[in-house]
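A.B. asks: Chains as they are written, first to last, in our numbering: chain A, 1 to 186; chain B, 1 to 447. The following block contains the structure, expressed as structure tokens.
Laid out in structure tokens, this is it:
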């Protein structure tokens, strides 16, 4: 495994998240991506993205705002929210990421079977971690993977998330390393 | 499912961008167009596998884009994007060749499923074209031989039918190659790596049929010393070929119908339900619709089997294939018997072309086998062929065709001391057909 990169991936909770959950996500980011992590709440208010008719939050402008507010040494930003997200063409999304960009986010709501309160018991904890790592993968240009056990596999429901492993497949690992080399100018 | 080229046509920037972003993350190559005009320009330059087109746009509408695409690139599939109020237009689009329509906003899972469905549909269409090209102008398809138009049509039909998972009913006279057609369907289907299990419904005695099909648990009946898997279980993941389906008993028809409907059965004496997944191909030389009218065959089973059906042409309908088939059998039997017979005389071929071959290809095969066995020269002569040995017609007092057939079978059986294999060969039918005819005509061995 590569030594930890001096560049940082910022984990940005929006709302109340337990230190235990944030630590677990941080550990997993280090394990999969080998970047140092920093927990920084970059955005407190996301009401600008609220859509009253849909009663959901539009994820794309939140990502734009997160990317704008990212610290200079942050290579990526991962935000966590406890609200239901959408993009205009779809009814809902688990999360969204800027493909090959800086920011991504994941919502815990649909991973917790629609409950608004945060649940860090298993299997919910593992679901949140897997989908956070998945969204972060998109910012490293990884696309959905057909391998059902790969973290980059697109899951249609919670059961699919539970079935996939906590690892990237060999193919996605190679693509990830390519993009990290590119980012670090090697 | 990568490298799918998708064009999104929508005049709303936010819709284009959000859909493009989603599909790019899914691994597709996505382009967007902000108007019908821009879409038509892009279609001129590039082939897209899928177009997602908003119905309501200023200028060239979504329906106009659909019609243009279907004219210039019929392989591209178009999905109309529609708001709740424009469903009638979406239905109109379906009539004009749209693959489907989706209401905004889409459920992400439904979008994913729809794209997978289109990709599978396109792959299947490409596979069909490939198969047809491969077998174009060919005289062989799998184990079947034929250059006559009716057989070329059968080869095309098999290419079309094979990739579907639907039940197929093959009808046609005895000896026309129904079994070979069933095998060709299996070999060209997605189940090709699974088993091809044949149940010869006419050859298995009724009292053994249940155990043969469903299997049995140890101790289910006196002779059930071990648990045995039935043919249904053995066909799991592959194709179950029910040959001579017209011969099964009413009781078995009921049992079979239940399995085909539920895909679940129990072994004889078993309590555990067994789930099975197989494709069914059935064949018969009987007219099942007549059998339904006479109460010999269940109508519901017929409709369950008759999803896709075709008739194998008789040899008399494809006489131009006789030389090709005769040469094929000659080569095979001369190799098997190690006899240096390598041609068929003009006169013998003329005889074969005139003859009607009621036993079809099987009769021709048997005739050539016999000719090779009895032949003493390098070529087959008319006198080597059984069809040339004009015997006086048997004294038959009956008048209907059925009576003639019954009498003829009785005569052949008696002449051959009820040796079923030998009698079947002489009659140009297989043993199971002979058994079923014995049963149907109630022919009894006179001792």
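Every residue, glycine too, gets a C-beta built ideally from N, C-alpha and C.
For residue 24 of chain A, go through chain B and note every residue whose CB falls closer than 8 Å to its CB, in chain order.
C.D. replies: Within chain B, no residue comes near residue 24 of chain A; the closest Cβ sits about 24 Å away, beyond 8 Å.
A.B. asks: Taking buried to mean at least 16 other C-beta atoms within 10 Å of its own C-beta, is residue 18 of chain B buried or exposed?
C.D. replies: buried
A.B. asks: How would you call residue 335 of chain B, buried or exposed, if buried means at least 16 neighbouring beta carbons within 10 angstroms?
C.D. replies: exposed
A.B. asks: At 4 residues or longer, what runs of the alpha helix (DSSP H) sit wholly inside the segment 95 to 159 of chain A?
C.D. replies: 124 to 139
A.B. asks: Report the residue from B:364, B:296, B:409 and B:312 whose alpha carbon sits nearest the alpha carbon of residue 324 of chain B.
C.D. replies: Closest by alpha carbon: B:364.
A.B. asks: Reducing DSSP to helix, strand and coil, say where residue 308 of chain B ends up.
C.D. replies: It is a strand residue.
A.B. asks: If you pair each beta-carbon of the segment 145 to 155 of chain B with each one of the segment 302 to 320 of chain B, do three or more pairs fall below 8 Å?
C.D. replies: yes
A.B. asks: Is there a C-beta anywhere in chain A that falls below 8 Å from the one on residue 109 of chain B?
C.D. replies: yes
A.B. asks: Mind checking residue 171 of chain B: buried by the 16 CB within 10 Å criterion, or exposed?
C.D. replies: Burial of residue 171 of chain B is indicated by the presence of at least 16 other C-beta atoms within 10 angstroms of its C-beta.
A.B. asks: Do residue 39 of chain B and residue 79 of chain B have their beta-carbon atoms positioned less than 8 Å apart in this structure?
C.D. replies: no
A.B. asks: Pull up the CB-CB distance for residue 106 of chain A and residue 80 of chain A, whole angstroms please, since I reckon it's below 8 Å.
C.D. replies: 6 Å
A.B. asks: Short of 8 Å in beta carbon distance, which residues of its chain neighbour residue 394 of chain B, apart from the five on each side in sequence? Order them along the chain.
C.D. replies: Low per-residue confidence applies at residue 394 of chain B: pLDDT is 48, beneath 50, and the placement is therefore not dependable enough to give any value.
A.B. asks: Return the bridge partner residues of residue 13 of chain A from the DSSP annotation.
C.D. replies: Residue 13 of chain A has A:80 as its beta-bridge partners, per DSSP.
A.B. asks: Using only alpha-carbon positions, find the residue among A:54, A:145 and A:178 that is nearest to residue 90 of chain A.
C.D. replies: Of A:54, A:145 and A:178, the residue nearest in Cα terms is A:54.
A.B. asks: Give me the chain A residues within the contact set of residue 24 of chain B, using Cβ-Cβ distance strictly less than 8 Å, ordered along the chain.
C.D. replies: Scanning chain A for C-beta atoms nearer than 8 Å to the C-beta of residue 24 of chain B yields 99 and 143, reported in chain order.
A.B. asks: According to DSSP, simplified to helix, strand and coil, what is residue 206 of chain B?
C.D. replies: helix
A.B. asks: List the residues of chain A that residue 104 of chain B touches, going by C-beta distances under 7 Å, in chain order.
C.D. replies: In chain order: 89.
A.B. asks: Between B:213, B:44 and B:190, which has its C-alpha nearest residue 197 of chain B's C-alpha?
C.D. replies: Checked all of B:213, B:44 and B:190; the closest Cα to residue 197 of chain B is B:213.
A.B. asks: For the putative contact between residue 200 of chain B and residue 432 of chain B, defined by C-beta atoms under 8 Å, what is the C-beta separation to the nearest angstrom?
C.D. replies: 5 Å
A.B. asks: Near residue 187 of chain B, which residues of its chain fall below 6 Å by C-beta distance, leaving aside the five closest residues on each side in sequence?
C.D. replies: 142
A.B. asks: What residues from the segment 135 to 169 of chain A come within 7 Å of chain B, judged by C-beta to C-beta, listed N to C?
C.D. replies: Cβ contacts with chain B: 138, 143, 144, 146, 154 and 156.
A.B. asks: Beta-carbon of residue 19 of chain B versus every beta-carbon of chain A: anything under 8 Å?
C.D. replies: yes
A.B. asks: By how many angstroms is the C-alpha of residue 338 of chain B removed from the C-alpha of residue 349 of chain B?
C.D. replies: 22 Å
A.B. asks: By alpha-carbon positions, which one of B:27, B:34 and B:93 ends up nearest to residue 10 of chain B?
C.D. replies: B:34
A.B. asks: Report buried or exposed for residue 185 of chain A, applying the criterion of at least 16 other Cβ atoms within 10 angstroms of its Cβ.
C.D. replies: Around the beta carbon of residue 185 of chain A, a 10 Å sphere encloses fewer than 16 other beta carbons of the protein chains shown; the residue is thus reported as exposed.
A.B. asks: Name the two residues that bound the continuous beta strand (DSSP E) containing residue 352 of chain B.
C.D. replies: No beta strand (DSSP E) contains residue 352 of chain B, which is instead part of the alpha helix (DSSP H) from 346 to 354.
A.B. asks: Quick check on DSSP: helix, strand or coil for residue 338 of chain B?
C.D. replies: coil
A.B. asks: Helix, strand or coil for residue 57 of chain B? Go by DSSP, reduced to three states.
C.D. replies: coil
A.B. asks: Is the segment 73 to 87 of chain A in contact with the segment 43 to 51 of chain A, if contact means three or more CB pairs nearer than 8 Å?
C.D. replies: In this structure the segment 73 to 87 of chain A lies against the segment 43 to 51 of chain A, because at least three pairs of beta carbons, one per stretch, are closer than 8 Å.
A.B. asks: Hey, how far is the Cα of residue 20 of chain A from the Cα of residue 130 of chain A?
C.D. replies: 15 Å
A.B. asks: Residues of chain A with CB under 8 Å from residue 112 of chain B, in chain order?
C.D. replies: For residue 112 of chain B, the chain A residues whose Cβ falls inside 8 Å of its Cβ are 154 and 156, in order along the chain.
A.B. asks: Going by alpha carbons, who is nearest to residue 174 of chain B out of B:444, B:437 and B:443?
C.D. replies: B:437
A.B. asks: Which class does residue 431 of chain B belong to by DSSP, given the choice of helix, strand or coil?
C.D. replies: Looking at residue 431 of chain B - three-state DSSP - the assignment turns out to be helix.
A.B. asks: Helix, strand or coil: which one does DSSP assign to residue 423 of chain B?
C.D. replies: Taken through DSSP and simplified to helix, strand or coil, residue 423 of chain B comes out as helix.
A.B. asks: According to DSSP, is residue 379 of chain B helix, strand or coil?
C.D. replies: Of the three classes helix, strand and coil, the one that applies to residue 379 of chain B here is strand, per DSSP.
A.B. asks: So with Cβ pairs under 8 Å, would you call residue 230 of chain B a contact of chain A?
C.D. replies: no
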